[in-house]
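1 is the number of the first residue of the sequence shown in full-length UniProt numbering; add one for each residue after it.
Where is the CB? At the ideal position from N, CA and C, for every residue including glycine.
Please read these numbers as outputs of a predicted model, since none were measured by experiment.
Only one structure is covered here, and it is reproduced in the block below.
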Amino acid sequence: MQRSHPSPSAAQPPAANIPIILVEDQTVKPITTTNYIRNNNEIDFEVVYRKVKSLLPHKKCSHRSSPTAWPCTPCDEAFSNKFWSCAAHLLDYFADFLHVDTPTMHVLWFHLVDIWQQTADWFPIDAALENRSVSPESMQAFTKARWFTKNFEDTIRVMNTVIYGGKDKDRPREPIIHKPSGDHKTAGGEDYNTGPYYSGLRPWEQWLCRGGSSITDSSKAAKENVRHIPTGAIAIMKTHTERAELLAVKLNPGPEFLAAFKRNSLVFPQEAETQSHSYTSRAGTTISYHLENGAPPVMRPEEFGDLEVKATKPSLHLLDEFIGRARGMEAYEPVSGIRDQDGEWEDGFAPFDTWVVTESKQGDGGEDKMELAEE
């Protein structure tokens, strides 16, 4: 059965008018796509799924002389052939079928991408690159680790390009494929970590879309949803609230009006706390939130991510920061951490302010309730 399911995150359909056939199993819920056919590109989802999953228990090389040594040639080739074959299957899917497949299958395929990335740890990459020995064995491991890392990163780059499409490739884009570790470096070489992102979702979608890594559904008998609002969103809300307050003062400087405005504005906690601030939404649900420190695992630069404007291909995030700096805006100052007497963060990590927001049915809210003004 042939079906078309356009996806906003998918590449443009292939230009050639070659029919695409999707074979679905409609005896199960949700409906799954079992086979994909386009010209000579035929994919059996179950075969690919089992192949990628088989990378996880693949036996480590037992012939290495040390933890920093590279696997022996037979073990290396046995794993590498399977590893890169899986990458080829994933690329074949993204190139020809992603744009016509169902959202359910998108989730499964991107889950396979994350599993595939995780299995790269079969190789002792970090140990080989960090080893300072100059022995022939160490130099060989170092060289192979560098080549593998380059090929791996190039493959991820190709996947992102295929998913978005080749047009306007120089246009700033947020990645769709994410490192399971979340480890990255700024343009200035500073380490940071995004946390456990899911491939298939853009960075903002990780936090705000149902099913994202920051959202917990139905934690109490389907009566509430819990989500985490990141520092960037808190900064946006704070800026808009401050602007709204300035407009309120211009509109009506009367004390009663301003008091009502304050009463119906969001409260911005100044330290991590367990007490929730709550209000009733216009939809009739109770929204409660409190501030937490989300670092680690999330680690962000204390100020702007590219102060010296070194990035040659800036992300949308860096472009947004640059525009803010050009307008004279300052970086958001986190408030959930504790500094010592020397002004350093006590745990050694810059805090990552996060609001834990709970949405529940009317009457399930916490204390410190803020009522909306009557319409």
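- For the options P67, K51, A69, the alpha carbon positioned closest to that of C86 is the one of K51.
- By the CB criterion at 8 Å, P351 and N293 fall inside the cutoff.
- I287 and Y279 have their alpha carbons spaced roughly 5 Å apart.
- In the structure shown, the three-state DSSP call for N293 is strand.
- Residues T68, N131 of the same chain have their beta carbon placed closer than 7 Å to that of S138, with the five preceding and five following residues left out of the count.
- With at least 16 other beta carbons inside 10 angstroms of its own, H89 counts as buried.
- Contact between the stretch 269-277 and the stretch 331-350 is present, with at least three C-beta pairs closer than 8 Å.
- If you draw a 10 Å sphere on the C-beta of W147, you find fewer than 16 other C-beta atoms in it, and that means exposed.
- Membership of W70 in any alpha helix (DSSP H) is not indicated, and neither H nor E is assigned to it by DSSP.
- Of the residues assessed, F97 falls on the buried side of the cut-off, its CB having 16 or more other CB atoms within 10 angstroms.
- Residue environment analysis places P203 among the buried positions, since at least 16 neighbouring C-beta atoms fall within 10 angstroms of its C-beta.
- Distance from the CA of Q341 to the CA of Y332, rounded to the nearest whole angstrom, comes to 22 Å.
- Secondary structure within the stretch 107-149: the alpha helix (DSSP H) runs of 4 or more consecutive residues, fully enclosed, are 125-130 (chain order).
- Contact check for T32 against M105 passes: the beta carbons are separated by less than 8 Å.
- Taking every protein chain shown into account, the CB of T73 has fewer than 16 other CB atoms within 10 angstroms, so this residue is exposed.
- Rounded to whole angstroms, the separation of the alpha carbons of T34 and W109 is 12 Å.
- Looking at the DSSP output, E24 sits in a beta bridge with T33.
- Of all alpha-carbon atoms in V226, E190, K185, D154, the one lying nearest the alpha-carbon of V356 is that of V226.
- Annotated three-state conformation of R263 is helix, per DSSP.
- Secondary-structure assignment with DSSP links M299 through a beta bridge to N193.
- When DSSP reads this structure, I43 sits in a beta bridge with Y36.
- Following the DSSP letters along the chain, one finds V249 inside the alpha helix (DSSP H) bounded by residues 231-251.
- Y164 carries a helical assignment under DSSP once its states are collapsed to helix, strand and coil.
- H317: member of the alpha helix (DSSP H) spanning 316-326, first to last residue.
- Between Y36 and E42, the C-beta spacing is below 8 Å.
- Burial state of T119 is buried, judged by a 10 Å Cβ sphere holding 16 or more other Cβ atoms.
- DSSP places V309 outside both helix and strand once states are collapsed to three, so it counts as coil.
- One thing to note: Y192 has its Cβ within 8 Å of the Cβ of R300.
- A direct Cα-Cα distance of roughly 35 Å separates F79 from P314.
- Membership of W207 in the alpha helix (DSSP H) is indicated by the continuous run 203-208.
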